[in-house]
Ligand code: C5P
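The structure is reproduced here in structure tokens:
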């Protein structure tokens, strides 16, 4: 395998980040979470009350926001205009806004450039929606990780319930389906499986089984 990077794409809630983080540790490569970058852009849009349908406002926002990535104890930190916003990105509101801003060309151009630069100087496992298709088309291993929307909703429900946050599984599933629809049907870089990606459906698999399968595929290709 010439290119040692791993690309993982798939819909929201498929377990990409948990799995990619663990694989990065095991293989001693760097985990790059691209969703967090779109979320940081979304946070900026929320804070500045930017209209996501106005081209002019989007272009202006893209010109005035700067996102950089740092690593603290091996963990990715997202810096938005000199502020570390890593801990502000996981809210549902930010995720939904991320999906709305990510459909715009100006935003994607800026993020893809940042992501490609990160992969130039290190071996990475990068997760997102367009990694195998657009960001790292030469990645040595491409995975399309998915699970049924019900299973993804169940996992999210478990996560929230453990934190004591009241929630409804049907509503979570509706949200997941709406985000899938938006990500899969946008004009620019829609979420889809790259031709040379391996499909992994984790609906009936444990996290460990998925990790072992991806590492086995990687080692086979080395
Ligand atoms: O993966 P995560 O849920 O953090 O991503 C938030 C949103 O950012 C996604 O729903 C998607 O619209 C967008 N995204 C994207 N391309 C990526 C990563 C995320 O469009 N490479």
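In full-length UniProt numbering, the protein residues as written are 1 to 222. C-beta: ideal position from N, C-alpha, C; glycine also. Keep in mind the model is a prediction, meaning the values are calculated, not measured.
Check residue i in the structure and name its three-state DSSP category.
{"i": "residue 4", "result": "coil"}
{"i": "residue 138", "result": "coil"}
{"i": "residue 246", "result": "Since the first residue shown for the chain is 1 and the last is 222, residue 246 is missing from the structure and cannot be characterised."}
{"i": "residue 43", "result": "helix"}
{"i": "residue 68", "result": "strand"}
{"i": "residue 172", "result": "helix"}
{"i": "residue 195", "result": "coil"}
{"i": "residue 9", "result": "strand"}
{"i": "residue 27", "result": "helix"}
{"i": "residue 183", "result": "helix"}
{"i": "residue 92", "result": "helix"}
{"i": "residue 57", "result": "helix"}
{"i": "residue 37", "result": "helix"}
With a threshold of 7 Å on Cβ separation, who are the neighbours of residue i within its own chain once the five nearest residues in sequence on each side are excluded?
{"i": "residue 45", "result": "52, 61, 97, 101"}
{"i": "residue 24", "result": "30, 31, 125"}
{"i": "residue 84", "result": "77"}
For residue i, which beta-bridge partners are listed by DSSP?
{"i": "residue 83", "result": "80"}
{"i": "residue 32", "result": "126"}
{"i": "residue 143", "result": "8, 198"}
{"i": "residue 75", "result": "72"}
Return yes when at least one heavy atom of ligand 1 lies under 7 Å from the C-beta of residue i, else no.
{"i": "residue 175", "result": "no"}
{"i": "residue 129", "result": "yes"}
{"i": "residue 99", "result": "yes"}
{"i": "residue 139", "result": "no"}
{"i": "residue 36", "result": "yes"}
{"i": "residue 63", "result": "no"}
{"i": "residue 183", "result": "yes"}
Spatial neighbours of residue i within its chain, please: CB distance less than 6 Å, with the 5 preceding and 5 following residues excluded, ordered by chain position.
{"i": "residue 134", "result": "189"}
{"i": "residue 16", "result": "8, 10, 127, 145"}
Quick one: is residue i near chain D, going by C-beta distance under 8 Å?
{"i": "residue 165", "result": "The chain inventory of the structure shown lacks chain D, comprising one protein chain alone."}
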